[in-house]
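S.K.: Quick note: the sequence shown uses my numbering, first residue 3, plus one each step.
No residue lacks a Cβ here, since even glycine has one placed at the ideal position from N, Cα and C.
As the structure is a computational prediction, the values presented were derived from the model and not from experiment.
Take this structure, written in structure tokens, and hold onto it; I'll ask about it next.
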Amino acid sequence: MFSATGSPERPGHHKPITAADKRSIVKINGRELAVEIEGDGPAVLFVHGLGGTSNFYQVQAEALTSSHTVIRVDSAGAGRSALAQDISIESHAEDLAAVLDQAGVASAAVVGHSMGTLVVRAFAARHPDMVTSLTLLGAVAVPGEQARQAQRDRAALLRREGTAAVAPGVVANALSAATRADKPEVAAFVRELIMRQDPEGYARNCEALAAATDPGPIDPALPLLLITGEADKVGPPQVSHDLANAHGDTVVEVIAGIGHWTVLEAAAKVTEHLTKFL
């Protein structure tokens, strides 16, 4: 499905890759995953969070495709990817490794949001040679028992009543008050992301988050960027500060006035920080 181009590898760069179609459904680890690859240059792999899809990163993808190979994946059970059995943080991480393998990409700068920050941390721990840097957006901690039960309860609600039952709560709790008031189009997009999810796939991903374990420390030698919202209640800034302190060689970019849907609420600022880091 994917192949490397015949151009020689440039120093400090990875071989650019192409896809027959910009949006393809590919077989990865026995799962049907939506994978989108655009651009040319060193690879950047984007990983969305719970309730998200690869479209979460549209602004950043458009900004980077002139200089990078941008790889976006809808995680198993989310977005355009098919429902799958045995969804977990670890299975998502192994899917990422298989995507890069099948695309002919040796390593990539990896960007994760929300639950995706646990996935990319697990990916980096399991496949350190495949990750050149980590960017964590709205980083979340491994949930405590109360948060685990909340995710299990959400999964049950999704199965009973569908995505319409959870979308209002996501919009109200994960976006800042300023975003809801000043950027209603962002609230509308978040609602659409949630409403378009397969209820069972969303439920299984909620259960994956409920079962999450600590991916372990981030290698201090791995370049790390942390961006979070000042009003983020899902991944409070303290989580990012704790990760930064443990890593020892990074700073946390805290963006005022935004909540948890970082790249939607502050698209320009996040893109500026990310492009500078890359």
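1. CA-CA distance, GLY250 and ASP221?
2. Assuming ARG74 is part of the beta strand (DSSP E), what are its boundary residues?
3. If you draw a straight line from the C-alpha of LEU211 to the C-alpha of ALA65, how long is it?
4. Closer than 7 Å by C-beta to VAL168: which residues in its own chain qualify, once you throw out the five before and the five after it? Chain order, please.
5. Using a threshold of 8 Å, state whether the C-beta atoms of ALA2 and ILE73 are closer than that.
6. Could you tell me whether the Cβ atoms of THR134 and VAL113 are closer together than 8 Å?
7. Judging by CA-CA distance, which residue of VAL122, MET117, ILE260 is the nearest neighbour of ALA111?
8. Considering only residues of the same chain and omitting the five flanking positions on each side of PRO201, which have a CB-CB separation below 8 Å?
9. Once DSSP output is grouped into helix, strand and coil, what is the label at ASP23?
10. Given a cut-off of 8 Å on the beta-carbon distance, is the pair THR264 and LEU228 in contact?
11. To which residues does DSSP link HIS115 through a beta bridge?
12. Pop quiz: GLY53 and VAL142 are said to be a contact at Cβ under 8 Å. What is the actual Cβ separation, rounded to whole angstroms?
13. Cα separation between GLU96 and GLN153?
14. Do PRO239 and THR230 count as a contact pair if the criterion is CB distance below 8 Å?
15. With 8 Å as the threshold, decide whether the Cβ of VAL75 is near any Cβ in chain B.
16. Please state whether DSSP places GLY259 in a helix, a strand or coil.
17. Residue range of the beta strand (DSSP E) that ALA45 falls in?
18. Closest by CA to ALA205, which one among THR55, VAL49, GLY79, GLN60?
19. In chain order, what residues of the same chain lie with their CB nearer than 6 Å to the CB of ARG82, ignoring the 5 residues before and after it?
20. Once DSSP output is grouped into helix, strand and coil, what is the label at GLU232?
21. For LEU227, name the three-state secondary structure that DSSP assigns.
22. Taking the alpha-carbon of GLU194 as reference, which of ALA258, ILE27, LEU266, THR215 has the nearest alpha-carbon?
23. What residue from GLN199, PRO170, GLN60, ALA233 has the CA that sits closest to THR181's CA?
24. Look up LYS29 in the DSSP assignment and give the residues it is bridged to.
25. Pull up the distance between the alpha-carbon of GLY32 and that of LYS235, whole angstroms please.
26. With distances taken between CB atoms, is the gap from HIS262 to ALA176 smaller than 8 Å?
27. Compare the Cα-Cα distances from LEU120 to each of ILE39, HIS243, PRO219 and report the closest residue.
28. For ALA99, which residues in the same chain have their Cβ closer than 8 Å to its Cβ, ignoring the five residues on either side in sequence?
M.R.: In short:
1. 10 Å
2. Counted as a single uninterrupted DSSP element, the beta strand (DSSP E) harbouring ARG74 occupies residues 71 to 75.
3. 30 Å
4. ARG156, LEU159, LEU160, ILE196
5. With the chain represented from 3 up to 280, any question about residue 2 goes unanswered, as that position is not in the structure.
6. no
7. Among VAL122, MET117, ILE260, the Cα nearest to that of ALA111 belongs to VAL122.
8. LEU160, ARG161, GLY164, THR165
9. Low confidence applies here, because ASP23 scores a pLDDT of 44, under 50, leaving its location unreliable; read the following figure in that light. Three-state result, ASP23: coil.
10. no
11. LEU139
12. No, GLY53 and VAL142 are not in contact; Cβ-Cβ is about 13 Å, not under 8 Å.
13. About 23 Å.
14. yes
15. The structure shown contains no chain B, having only a single protein chain.
16. coil
17. Judged by DSSP secondary structure, ALA45 falls within the beta strand (DSSP E) whose first and last residues are 45 to 49.
18. GLY79
19. ALA36, ASP76
20. coil
21. Three-state result, LEU227: strand.
22. Considering only alpha carbons, the answer is LEU266.
23. ALA233
24. GLU34
25. 36 Å
26. yes
27. Measuring from the Cα of LEU120, the nearest candidate turns out to be PRO219.
28. PHE125, ARG128, HIS129, MET132
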